[in-house]
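Chains as they are written, first to last, in our numbering: chain F, 1 to 256; chain R, 1001 to 1256. All C-beta atoms, glycine included, are put in the ideal place defined by N, C-alpha and C. This structure is a prediction, so every number in the text was calculated from the model and none was measured.
2 protein chains.
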Amino acid sequence: MQKVAMSPMLKKERQEFIIKQLNLHNKILSTDLCQELNVSEDTIRRDLNELSENGKLVKVHGGALSKSYYGNTNEEDIYSLDKKRIIAQKVVNLIKDDMLILTSGGTTLREVIRLLPKNLTATFCTVSLMAAEELLKHPNIEVIFMGGKLSKDAKICVGGDAILKLSEMSFDLCFIGTNGIDAKHGLTDSDLEVVQVKKAMRKASKKFIVLSISEKLNSVCRANICRPNEIDYLITELEPNDEQLLPYKQAGFGLL
Amino acid sequence: MQKVAMSPMLKKERQEFIIKQLNLHNKILSTDLCQELNVSEDTIRRDLNELSENGKLVKVHGGALSKSYYGNTNEEDIYSLDKKRIIAQKVVNLIKDDMLILTSGGTTLREVIRLLPKNLTATFCTVSLMAAEELLKHPNIEVIFMGGKLSKDAKICVGGDAILKLSEMSFDLCFIGTNGIDAKHGLTDSDLEVVQVKKAMRKASKKFIVLSISEKLNSVCRANICRPNEIDYLITELEPNDEQLLPYKQAGFGLL
DNA sequence: AGTAATCTTGCAAAAAAACGCAAAAAACTC
DNA sequence: GAGTTTTTTGCGTTTTTTTGCAAGATTACT
């Protein structure tokens, strides 16, 4: 308990605090804010309403959501977002405290990161700027970025440094989004630099887990990352016994 | 406990005191200032209003907030953006093709990156996620990110890996934003992890160039990054012979 | 449906700001 | 140095802002 008689907080200060918390947690409860800021619920409510009118956040029953989280103003298509959430939830269930996890970028992985429970303590390692940014919002996750030359297309680190560093490590889990996957060729990608890094990611991890919405199944890209039997699990928004996944099951994919 | 000067304070003196307190604490209550300065609330209010009109602080109900603190969570304040552009233009003039450049993050550096000519071919190296994102938008710049543990506050890589990597390299130029700089202590910062990295950045570069809008001059933070004579150039939005810069000139700063 | 939590609305007390005014201090003029 | 002007400061009053409280409406949840 803090028994320190603090100097009273200014209204603006309080509102700045709320915004900061929101940037960090994406959502916030009025009751929590009351306690942390030591003011009545009415005051918090008024602050939230005011901030909402100024477009700084989105007010909802019981608290508020960060604008970026709520309004995916990006070109992200809403339809596949639902599917990505389903995938993300499956992924989250695999993650336990204190794991060392390697992750690629992509919008699906971003959903995973957003869904991670706030009390999870784990170490995430990534080569993706997008993943790193999102991971930083989580209060208890340690984020390690693999440095190196950045690819302008993929916004990830490629090249020798990242690969060298990866070869020295061993991860419990590796999550990877996909451009191309099919039952015959396994995981493929069109960008040669990216392929090199993803290969290194495969080698550095005990369990290699591929995330893909069903639309992307059965597509093949130029360069091969790994064969079907090197993928430990394929996670889609479908049920594992869905008929679309039959070829993959036959090819020996682990399905979740 | 602050000892109150017996001789009445001059207005100018009082306002400077307010600014100093603000640089130190980021916020200040009118009532506290009344007591410390031994004047009426009206006087304080008038001082704060005046300073607010001059853009030295942000006046709020009950007191004032420092500009930097306020600007962190809100949108970039348009007022200082112009100044940052002036600084950015000066920086851009220093950069030539094929240079190897190290840069920190911050909004001023972001302006620099945005102003870089599209046909410039150079290699930029950074520990800042913000800078990396911005650099990637440039068509001809090669971007190298220094990997390592990411600091949640500063959104930059800190810790041994980044520092080790920095110690192996030699940059033509190093640009760094500032939290605190003054003629006596040199460059300072409040975040100890950040200080370590910035020290390493200093060591790794031939020319160390500090960027600071004039508001941030004469503020001192807890931890020291480097002494005045280790700074090759200080760039502000002011003319080099501006009287505000006189103490710096006398302390041996190179001014641009 | 019924319960608990949350929201709206109106109100009142306290704090702070704005305003006009006059005294005091400082700057300027001769 | 005396007198005038300008600036600065403090005080009382009025106005606005902020905050908490309470009663009733609305919403979420089982």
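- Of all the residues that make up the stretch 39 to 68 of chain F, which are near chain R by a beta-carbon distance shorter than 7 Å? none
What does the Cβ neighbour count give for PHE1148(R), buried or exposed, with the cut at 16 atoms within 10 Å?
Taking the first residue of the second sequence as position 1, residue 1148(R) is located at position 148. The displayed chain sequence assigns Gly, not Phe, to residue 1148(R). Per the 10 Å Cβ criterion, buried.
Test: GLU1134(R) CB closer than 8 Å to a CB of chain F
Residue numbering aside, residue 1134(R) sits at position 134 when the second sequence is read from its first letter. It does not: the Cβ of GLU1134(R) has no partner Cβ on chain F nearer than 8 Å.
Who pairs with LEU1234(R) in a beta bridge, going by DSSP?
-> By one-based count along the second sequence, residue 1234(R) stands at place 234. Beta-bridge pairing links LEU1234(R) to VAL1210(R) and LEU1255(R).
- Message: I'd like the list of long-range same chain contacts for GLU1050(R), defined as Cβ closer than 8 Å, with 5 residues on each side in sequence excluded.
- Response: Residue 1050(R) sits at position 50 when you count from the first residue of the second sequence. If we look at GLU1050(R) and ignore the five residues flanking it on each side, its Cβ neighbours are GLN1015.
Inset, instruction - Quick one: using the 10 Å Cβ neighbour count with 16 as the cut-off for buried, is HIS61(F) buried or exposed? - result: Taking the first residue of the first sequence as 1, we reach residue 61(F) at position 61. Counting the other CB atoms within 10 Å of its CB gives HIS61(F) a total below 16, which places it among the exposed residues.
Q.
Rounding to the nearest angstrom, what Cα-Cα distance links LEU29(F) and LEU65(F) in this structure?
A. For the purposes of this step, residue 29(F) is taken as residue 29 along the first sequence, with counting starting at 1. For the purposes of this step, residue 65(F) is taken as residue 65 along the first sequence, with counting starting at 1. For the pair LEU29(F) and LEU65(F), the Cα-to-Cα distance works out to about 9 Å.
Do LYS84(F) and ILE213(F) have their C-beta atoms within less than 8 Å of each other?
Looking up residue 84(F) in the first sequence gives position 84. Looking up residue 213(F) in the first sequence gives position 213. Their beta carbons are under 8 Å apart, which means LYS84(F) touches ILE213(F) by this criterion.
Report task. Pick helix, strand or coil for ALA1131(R), following the three-state DSSP scheme. Result -> Residue 1131(R) sits at position 131 when you count from the first residue of the second sequence. In the structure shown, ALA1131(R) sits in a helix (DSSP, three-state: H, G or I).
Taking the alpha-carbon positions, what's the VAL1092(R) to ILE1235(R) distance?
Within the second sequence, numbered from 1, the residue matching residue 1092(R) stands at position 92. Within the second sequence, numbered from 1, the residue matching residue 1235(R) stands at position 235. Their backbone Cα atoms lie some 12 Å apart in a straight line.
- Could you name the residues of chain R that MET169(F) contacts, counting a contact when the two beta carbons are closer than 9 Å? What you label residue 169(F) is simply residue 169 of the first sequence in a count that begins at 1. Ordered by position in chain R, no residue passes the 9 Å Cβ test against MET169(F), which lies about 12 Å from the chain.
- Short Cβ contact (8 Å threshold) for GLN1196(R) with VAL1158(R): The count along the second sequence starts at 1 and reaches residue 1196(R) at position 196. The count along the second sequence starts at 1 and reaches residue 1158(R) at position 158. Yes, the Cβ-Cβ distance between GLN1196(R) and VAL1158(R) is below 8 Å.
Note to self: Quick check on PHE1175(R) - is its C-beta less than 8 Å from some C-beta in chain F?
What the structure shows: By 1-based counting over the second sequence, the position of residue 1175(R) is 175. Contact with chain F is absent for PHE1175(R), since none of that chain's Cβ atoms lies less than 8 Å from the residue's Cβ.
| query | For ASN1072(R), which residues from the same chain have a beta carbon less than 7 Å from its beta carbon, with the 5 sequence-adjacent residues on both sides left out? | reply | Here residue 1072(R) is taken as the residue at index 72 of the second sequence, counted from 1. Confidence in ASN1072(R) is poor, its pLDDT being 49 and thus under 50, which makes the residue's placement too unreliable to answer from.
Report yes if the C-beta distance between LEU1048(R) and MET1009(R) is below 8 Å; otherwise report no.
The sequence position of residue 1048(R) within the second sequence is 48, counting from 1. The sequence position of residue 1009(R) within the second sequence is 9, counting from 1. Result no, Cβ atoms of LEU1048(R) and MET1009(R) do not sit closer than 8 Å.
Quick check on this structure: which residue in TYR248(F), PHE253(F), THR178(F) and LEU217(F) has the alpha carbon closest to the alpha carbon of GLN225(F)? The residue you call residue 225(F) lines up with position 225 of the first sequence. In the sequence as displayed, the identity of residue 225(F) is Ile instead of Gln. Cα-wise, what sits closest to ILE225(F) is THR178(F).
Which residues of the stretch 139 to 153 of chain F have a Cβ closer than 7 Å to any Cβ of chain R? Give them in chain order. For the stretch 139 to 153 of chain F, the set of residues with a beta-carbon nearer than 7 Å to any beta-carbon of chain R comprises GLU142, VAL143, ILE144, PHE145, MET146, GLY147, GLY148, LYS149, LEU150 and LYS152, in chain order.
At 8 Å on the CB atoms, spell out the chain R contacts of GLU193(F), in chain order. As a first step, residue 193(F) is located in the first sequence; it is residue number 193 there, counting from the start. Correct list: empty, because the minimum Cβ distance to chain R is about 13 Å.
Checklist entry - Beta-carbon of ASN74(F) versus every beta-carbon of chain R: anything under 8 Å? => result Against the first sequence, residue 74(F) aligns to sequence position 74. Residue placement at ASN74(F) is poorly supported in this model, since its pLDDT is 48, which falls under 50; the coordinates still yield a value, given next. Closer than 8 Å: no.
Can you tell me whether ASN224(F) is helix, strand or coil according to DSSP?
Counting from 1 along the first sequence, the entry for residue 224(F) is found at position 224. Correct three-state label for ASN224(F): strand.
**Prompt:** Taking the alpha-carbon positions, what's the ALA264(F) to LYS1067(R) distance?
**Reply:** Nothing about residue 264(F) can be read from this structure; chain F reaches only from 1 to 256.
Please report the straight-line C-alpha distance between SER205(F) and ILE176(F), rounded to a whole angstrom. One-based indexing of the first sequence puts residue 205(F) at position 205. One-based indexing of the first sequence puts residue 176(F) at position 176. Cα-Cα distance, rounded: 11 Å.
Where GLU1142(R) sits in the DSSP three-state scheme:
Looking up residue 1142(R) in the second sequence gives position 142. If DSSP states are grouped into helix, strand and coil, GLU1142(R) belongs with the strands.
Could you tell me which chain R residues have their CB closer than 8 Å to the CB of CYS157(F), listed as they occur along the chain? Here the question's residue 157(F) lines up with position 157 in the first sequence. What CYS157(F) touches in chain R: PHE1145 and GLY1147.
| message | Which residues in chain F have a C-beta closer than 8 Å to the C-beta of LEU1166(R)? List them in chain order. | response | On the second sequence, position 166 is the one that residue 1166(R) refers to. Under the 8 Å cutoff, chain F gives no residues; its nearest Cβ is about 11 Å from LEU1166(R).
Let me check one thing: in DSSP terms, what residues is SER1219(R) bridge-paired to? Your numbering for residue 1219(R) matches position 219 in the second sequence. The partner list for SER1219(R) (beta bridge, DSSP) reads ILE1181(R).
Exercise for review: Measure the beta-carbon distance from TYR135(F) to ILE113(F) and round it to whole angstroms, keeping in mind my assumption that it falls under 8 Å.
Suggested key: Reading the first sequence from its first residue, position 135 is the one you call residue 135(F). Reading the first sequence from its first residue, position 113 is the one you call residue 113(F). According to the sequence displayed, residue 135(F) carries Leu and not Tyr. With 8 Å as the limit, LEU135(F) and ILE113(F) qualify as a contact, their Cβ atoms being about 6 Å apart.
**OP:** Specify the secondary structure class of ASP97(F) as computed by DSSP and reduced to three states.
**Re:** Working through the first sequence from its first residue, we reach residue 97(F) at position 97. Coil, per DSSP.
Ordered along the chain, which non-local residues of its own chain (more than five positions away) have a Cβ less than 7 Å from that of LYS1249(R)? As a working mapping, residue 1249(R) is identified with position 249 in the second sequence. Around LYS1249(R): LEU1255.
Nearest neighbour of ARG110(F), chosen from TYR233(F), LEU211(F), LYS216(F) and GLU239(F) [CA to CA]: For this step, residue 110(F) is matched to residue 110 along the first sequence. Cα-wise, what sits closest to ARG110(F) is LEU211(F).
**Message:** Using a 10 Å radius around the Cβ and a threshold of 16 neighbouring Cβ atoms, would you call ARG1202(R) buried or exposed?
**Reply:** Your numbering for residue 1202(R) matches position 202 in the second sequence. Counting of Cβ neighbours within 10 angstroms places ARG1202(R) among the buried residues, the total reaching 16 or more.
**OP:** For LEU1120(R), decide whether its Cβ has a neighbour in chain F, counting only Cβ atoms nearer than 8 Å.
**Re:** In the second sequence, counting from the first residue as 1, residue 1120(R) sits at position 120. Under the 8 Å criterion on CB atoms, LEU1120(R) is classed as non-interfacial with respect to chain F.
Of the choices LEU1024(R), THR1031(R) and ASP1042(R), whose alpha-carbon is the least far from that of LYS1011(R)?
-> Here residue 1011(R) refers to the residue found at position 11 of the second sequence. The candidate whose alpha carbon is nearest that of LYS1011(R) is ASP1042(R).
Check your understanding: Can we say the stretch 1115 to 1126 of chain R touches the stretch 1185 to 1195 of chain R, given the rule of at least three CB pairs closer than 8 Å?
Key -> no
Backbone CA spacing between GLU230(F) and PHE208(F) [nearest angstrom]:
In the first sequence, counting from the first residue as 1, residue 230(F) sits at position 230. In the first sequence, counting from the first residue as 1, residue 208(F) sits at position 208. In this structure, the alpha-carbon of GLU230(F) lies about 8 Å from that of PHE208(F).
- [ ] On a CA-only basis, which of LEU116(F), ASP182(F) and GLY105(F) is nearest ASP97(F)? Give me that one, please.
- [x] Numbered from 1 along the first sequence, position 97 holds the residue referred to as residue 97(F). Ranking LEU116(F), ASP182(F) and GLY105(F) by Cα distance to ASP97(F) puts LEU116(F) first.
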